[in-house]
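Read through the structure below, which is laid out as structure tokens, and then see the notes.
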Amino acid sequence: MAELYVLDTSAILAFTDAEPGAGEVRRLLEEARAGRCRILACSITIMELFYTTLRERDEDQAARLVALVKSWPISWVEPEERVLLQAGRLKACYRLSVADALIAAVAKLYQAVLVHKDPELESLGHEVRPLSLPFKKSPTTDLGA
Numbered sequence: 025m026a027e028l029y030v031l032d033t034s035a036i037l038a039f040t041d042a043e044p045g046a047g048e049v050r051r052l053l054e055e056a057r058a059g060r061c062r063i064l065a066c067s068i069t070i071m072e073l074f075y076t077t078l079r080e081r082d083e084d085q086a087a088r089l090v091a092l093v094k095s096w097p098i099s100w101v102e103p104e105e106r107v108l109l110q111a112g113r114l115k116a117c118y119r120l121s122v123a124d125a126l127i128a129a130v131a132k133l134y135q136a137v138l139v140h141k142d143p144e145l146e147s148l149g150h151e152v153r154p155l156s157l158p159f160k161k162s163p164t165t166d167l168g169a
């Protein structure tokens, strides 16, 4: 059986924005196209991609990004009741946004590897199998020390 992955929104943006970790996401997409793995994503990712791009660019680019991602070899999971309840369990136990709780719930229920670059999801190590991409570095101030 092919390995199963769930892409967090942060992993998708790492790829589309050519951030560190983009090569790993590209590899997974190529493997999925060749039928050597399967990729899932929670449909709330569409909302996150849209509003993130809308804030940084404009509505046309946000819509184009959503269309592009929907053309990828990804199966989209709608948050049915079992996903919502699992997300509720995770949100009650961990400091997660609603979107991250839903995405992590999909990974847990489908026993998939969660591909992300979100430090918030690191606390879920024993709930899901993570594939952590390089986190963005925080800007530091050089104080001449």
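Taking this note's numbering, I'd label the letters of the sequence shown as residues 25 to 169. Just so it is clear, CB atoms sit at the ideal spot from N, CA and C, and this is done for glycine as well.
Asked	Found
Could you say if the region 119–133 and the region 63–74 meet the contact criterion of at least three C-beta pairs nearer than 8 Å?	yes
Buried or exposed for Ala110, going by 16 or more other Cβ atoms inside 10 Å?	With the sequence shown as reference, residue 110 is identified as Gln, and Ala is not the correct amino acid for it. Buried.
Could you pull out every residue in the same chain whose Cβ sits closer than 6 Å to the Cβ of Arg153, ignoring the five residues on either side in sequence?	Val137
Please look up how many angstroms separate the CB atoms of Val90 and Leu73, rounded, as I've assumed it's under 8 Å.	6 Å
Quick check: what's the CA-CA separation for Arg60 versus Arg81?	35 Å
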